[in-house]
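Only one structure is covered here, and it is reproduced in the block below.
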Amino acid sequence: PRDIVSGDFYWFNQLDKKLFLLCADSTGHGVPGAFMSIIGITLIKDICNSNPTFTPAMMLDKLDLELQNTINQNQLADKSSDGMDASLMELDLETLQVKVSTAMRPVIYFHKGQMQMIEGSKSTIGSTPSLKMKKEFTEHTMKLAKGDTLYLFTDGITDQFGGPTNKKFKVNKLKALLNEIHNKPMVEQKEIIEEIFRIWKGEHDQLDDVLMIGLRL
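55 is the number of the first residue of the sequence shown in our numbering; add one for each residue after it.
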């Protein structure tokens, strides 16, 4: 967290042989962001348990509508941009087929040592859509293998200013880092990423909450 509590959150659930994993970034940070996160966790949990046949794209679509309704009914927002960006993954534990749908967030994965990146859908969750743009949460399906790794993350790490010229870390630098370390044990990867982030940030203030999830199949 940037502050004591965080607007970034994760959620996971297992239904039979399927594992669902959500990585999300609520609008704001601190208490307002944490409050939005509590709402998001409550909604996605109910959506998953009430609709066991829903795919990730269907779940994000439902989450978008439910969050809009919650914000409007409780007048939680005074602007149309309140909501969250997220990536949602469904993993079949038997076949290792993965379905991914995202809202404004990329997902990086390594299949047999080769790095791939799924670009995020250009729609965010909960915010009021433009009259000219219909929201769409695209779904991607991959058949992965044992030993492959996936990474879900919010923009806290990539948007952090630092380094020798005080620039953003950016996605390309994160991709290069993961390409170097993805074969290492996951605990070691976590330690390396935390140390790289600490060094990059240096004496600069942390600008946002940071959340990154790595999963090895």
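All C-beta atoms in this analysis are idealised placements derived from N, C-alpha and C, irrespective of residue type, glycine included.
Go to residue i, then tell me how far its alpha helix (DSSP H) extends in each direction, as first and last residue.
{"i": "Val161", "result": "That residue, Val161, is in no alpha helix (DSSP H); its beta strand (DSSP E) goes Val161 to His165."}
{"i": "Val85", "result": "Gly84 to Ser104"}
{"i": "Val225", "result": "Val225 to Ile235"}
{"i": "Gln243", "result": "Met240 to Lys255"}
Is the CB-CB distance between residue i and residue j below 7 Å?
{"i": "Leu145", "j": "Leu76", "result": "no"}
{"i": "Met196", "j": "Val152", "result": "yes"}
{"i": "Glu193", "j": "Ala140", "result": "no"}
{"i": "Ile203", "j": "Leu228", "result": "The question names Ile, but residue 203 in the sequence shown is Thr. No, they are not a contact pair."}
{"i": "Leu142", "j": "Pro106", "result": "no"}
{"i": "Leu147", "j": "Lys71", "result": "yes"}
{"i": "Leu232", "j": "Ile162", "result": "yes"}
If you draw a straight line from the alpha carbon of residue i to that of residue j, how long is it in whole angstroms?
{"i": "Leu261", "j": "Thr219", "result": "16 Å"}
{"i": "Asp62", "j": "Phe164", "result": "24 Å"}
{"i": "Leu185", "j": "Thr96", "result": "Summary for Leu185: the model assigns pLDDT 49, below 50, so the residue's position carries little reliability; its value from the coordinates is reported in the next sentence. Cα to Cα, the separation comes out at about 28 Å."}
{"i": "Leu117", "j": "Lys224", "result": "28 Å"}
{"i": "Arg56", "j": "Met169", "result": "29 Å"}
{"i": "Gln214", "j": "Asp263", "result": "10 Å"}
{"i": "Gly94", "j": "Leu121", "result": "7 Å"}
{"i": "Lys188", "j": "Ala230", "result": "34 Å"}
{"i": "Pro239", "j": "Pro160", "result": "23 Å"}
{"i": "Asp259", "j": "Ser104", "result": "42 Å"}
{"i": "Val59", "j": "Gly210", "result": "14 Å"}
{"i": "Ile250", "j": "Gln243", "result": "10 Å"}
{"i": "Met79", "j": "Ser91", "result": "Here the sequence assigns Asp to residue 79, which means Met is not the residue at that position. Their backbone Cα atoms lie some 8 Å apart in a straight line."}
{"i": "Glu245", "j": "Ser155", "result": "28 Å"}
{"i": "Lys221", "j": "Lys166", "result": "32 Å"}
{"i": "His83", "j": "Ile125", "result": "17 Å"}
{"i": "Gly180", "j": "Asn226", "result": "28 Å"}
{"i": "Ser175", "j": "Val241", "result": "30 Å"}
{"i": "Asp311", "j": "Leu150", "result": "Outside the displayed span of the chain (55 to 271) sits residue 311, for which this structure offers no information."}
{"i": "Ala88", "j": "Cys102", "result": "21 Å"}
{"i": "Phe108", "j": "Gln127", "result": "25 Å"}
{"i": "Ile235", "j": "Glu248", "result": "13 Å"}
{"i": "His171", "j": "Asn237", "result": "According to the sequence as given, residue 171 is Met; it is not His. Answer to the nearest angstrom: the Cα atoms are 17 Å apart."}
{"i": "Tyr64", "j": "Thr81", "result": "15 Å"}
Tell me, to the nearest whole angstrom, how far the beta carbon of residue i is from that of residue j; I am working on the premise that it is less than 8 Å.
{"i": "Lys270", "j": "Gly201", "result": "A small correction: the amino acid at residue 270 is Arg; Lys does not occupy that position in the sequence shown. Right, the Cβ-Cβ distance comes to about 7 Å (below 8 Å), so this counts as a contact."}
{"i": "Ala157", "j": "Thr178", "result": "5 Å"}
{"i": "Gly268", "j": "Tyr205", "result": "5 Å"}
{"i": "Phe191", "j": "Leu265", "result": "Phe191 to Leu265, Cβ: 20 Å. No contact."}
{"i": "Lys99", "j": "Asn67", "result": "7 Å"}
For the beta strand (DSSP E) containing residue i, list its first residue and its last residue.
{"i": "Gln10", "result": "Any answer about residue 10 is impossible in this case: the structure gives the chain only from 55 up to 271."}
{"i": "Ile267", "result": "Met266 to Arg270"}
{"i": "Ser177", "result": "Ser177 -> no beta strand (DSSP E), and no H or E assigned at all."}
{"i": "Ser80", "result": "Lys72 to Ser80"}
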